[in-house]
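In what follows, a structure is listed as structure tokens, so that the remarks can point back to it.
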Amino acid sequence: MDDALDIEVLQPEAARAVVVFKGEHDLAQVEALRDRLSALVAANELVVADFSDAEFVDSSIINLLLETKREAEARQSRFRVQMGTECVVYRVFDIAGVLSVLECAPSREEALGP
């Protein structure tokens with residue numbers, strides 16, 4: 006668990022990483038999160054950003070996720086976002102119009118799937 010960023014990085018399988026976001030995430034964390042996500046994308050075939058337990062995100066985090074998606078595509082790896090429709094953050098993603106741009110999954114099983 007990275008308490009400073011309020012995330013936990015899991016490696017459920019080889020070449021697959023899950024970043025579990027908890028609590029609130031905003032501009033103050035973007036640079037550290039960018040470094041962490043970039044390193045995970047470089048080292049894995051699939052990276053999942055799990056926002057199921059997140060309580061808040063701002064536009065800087067959404068922008069970071071879009072950047073991470075582009076970076077993963079450039080490296081020929083995959084990047085997905087996991088969040089259930091009950092997640093309060095889901096509404097922010099919906100309003101921002103990124104649900105159709107980011108590859109989203111409602112469960113960990115689907116997020117880690119093919």
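Per my numbering, the sequence shown starts with residue 6, numbered consecutively. Using N, Cα and C, we set each Cβ at its ideal position, and we do this for glycine too.
- Annotated as distal: S64 and G89, with beta-carbon spacing of 9 angstroms or more.
- The beta carbon of P17 lies closer than 7 angstroms to those of V23, L117 in the same chain, with the five residues before and after it left out.
- Inter-residue distance for V103 and R96 is about 11 angstroms (C-alpha atoms, whole angstroms).
- For G28, DSSP records a beta bridge to A59.
- Counting the other Cβ atoms within 10 Å of the Cβ of I12 gives 16 or more, which makes it buried.
- Uninterrupted alpha helix (DSSP H) stretches at least 4 residues long and entirely within the stretch 45-92 occur at 64-79, given in chain order.
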